[in-house]
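Scroll down for the structure; my scribbles are underneath it.
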Ligand SMILES: *[C@@H]1O[C@H](CO)[C@@H](O)[C@H](O)[C@H]1NC(C)=O
Ligand SMILES: *[C@@H]1O[C@H](CO)[C@@H](O)[C@H](O)[C@H]1NC(C)=O
Ligand SMILES: *[C@@H]1O[C@H](CO)[C@@H](O)[C@H](O)[C@H]1NC(C)=O
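In mature numbering (1 follows the signal peptide of the UniProt record, and there is no 0), the protein residues as written are -26 to -1, 1 to 168.
What follows is the structure in structure tokens.
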């Protein structure tokens, strides 16, 4: 087959793919973020961060309800904070780290232990206990602990962009979890009778 007819065949194949009526067609799924993700992320502090983070999880395209999205968001939060905990712990253990910075890093490592624990508690409260109020409280605490790590370094005069970035990840994930658990809580609470 010469190049031209090969080319024509390819174009025809692509056109056939696009007019395919099948609802399971890949293009329909890979399109824009699904409506639920858009709705939720529209209520967070950073829409782009939220959509990009949730879409990085393969299960998001098939997540049908708020509980499923919340589970995904908290799993991402736990994985992200666990990796940051390891990163800061490595810096603490490194021989290249200046001694004056160690107490701050030590504080951050222990704060990140708490961050991971808070996200894990929140996940259990959503999936097992259906206690959305307590999970809402726990995800908020995770954001506070990231702030405390930032403060610990700042008050000793240290600026560490790699840690600041990770603290901002925690704060953004905390905000997403806060919005989601708040929505779950509202949906589970009957409106006040008038
Ligand atoms: C929002 O999130 C995006 C993607 O992570 C980031 O590039 C941007 O700087 C964030 N905006 C603000 C105001 O934090
Ligand atoms: C943490 O989350 C941010 C924002 O979604 C992402 O850019 C980064 O790659 C994540 N890191 C890990 C280790 O998951
Ligand atoms: C750090 O220093 C200690 C003591 O000098 C040494 O035993 C250790 O191998 C060093 N570690 C690294 C990663 O260089």
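Even for Gly, the Cβ is constructed at its ideal location relative to N, Cα and C.
Looking only at its own chain, which residues have a Cβ that is under 8 Å from the Cβ of residue i, when we skip the five neighbours before and after it?
i: residue 101; result: 41, 45
i: residue 119; result: 85, 86, 88, 89, 92, 144
i: residue 180; result: There is simply no residue 180 to check, as the chain begins at -26 and stops at 168 in what is shown.
i: residue 20; result: 146, 149
i: residue 68; result: none
i: residue 154; result: 14, 40, 43, 44, 47
From residue i to residue j, what does the alpha carbon distance come to, in whole angstroms?
i: residue 78; j: residue 136; result: 14 Å
i: residue 55; j: residue 31; result: 16 Å
i: residue 174; j: residue 104; result: Given a span of -26 to 168 for the chain in the structure shown, any question on residue 174 remains unanswerable.
i: residue 129; j: residue 148; result: 23 Å
i: residue 132; j: residue 165; result: 48 Å
i: residue 126; j: residue 29; result: 33 Å
i: residue 58; j: residue 140; result: 6 Å
i: residue 114; j: residue 35; result: 26 Å
i: residue 142; j: residue 23; result: 11 Å
i: residue 162; j: residue 43; result: 16 Å
i: residue 121; j: residue 72; result: 22 Å
i: residue 97; j: residue 111; result: 12 Å
i: residue 167; j: residue 158; result: 20 Å
i: residue 74; j: residue 123; result: 15 Å
i: residue 117; j: residue 76; result: 22 Å
i: residue 10; j: residue 37; result: 9 Å
i: residue 33; j: residue 151; result: 17 Å
i: residue 160; j: residue 106; result: 9 Å
Who are the near neighbours of residue i in its chain, counting only those whose CB is closer than 6 Å to its CB and skipping five residues on each side?
i: residue 108; result: 99
Going by beta carbon distance, what residues of the same chain come within less than 7 Å of residue i, once the five residues before and after it are set aside?
i: residue 62; result: 79, 82, 83, 86, 137
i: residue 94; result: 52
i: residue -4; result: Low per-residue confidence applies at residue -4: pLDDT is 43, beneath 50, and the placement is therefore not dependable, though the value from the model is reported in the following sentence. Around residue -4: no qualifying Cβ.
i: residue 17; result: 153
i: residue 156; result: 110
i: residue 134; result: 127
i: residue 65; result: 71, 79
i: residue 8; result: 35
Notebook entry, point to check: Just the residues with CB closer than 6 Å to a heavy atom of ligand 1, in chain order, which are they?
Noted result: Residues flagged by the Cβ proximity filter: 20, 22, 23, 26.
Checklist line | Every unbroken alpha helix (DSSP H) inside the stretch 73 to 147 [4 residues or more] | finding: The qualifying runs are 76 to 98, 106 to 129.
Next item on the list: Go through the stretch 13 to 49 residue by residue and report every complete run of the beta strand (DSSP E) that reaches 3 residues or more, in order.
Entry: For the stretch 13 to 49, not a single whole beta strand (DSSP E) run of length 3 or above is found.
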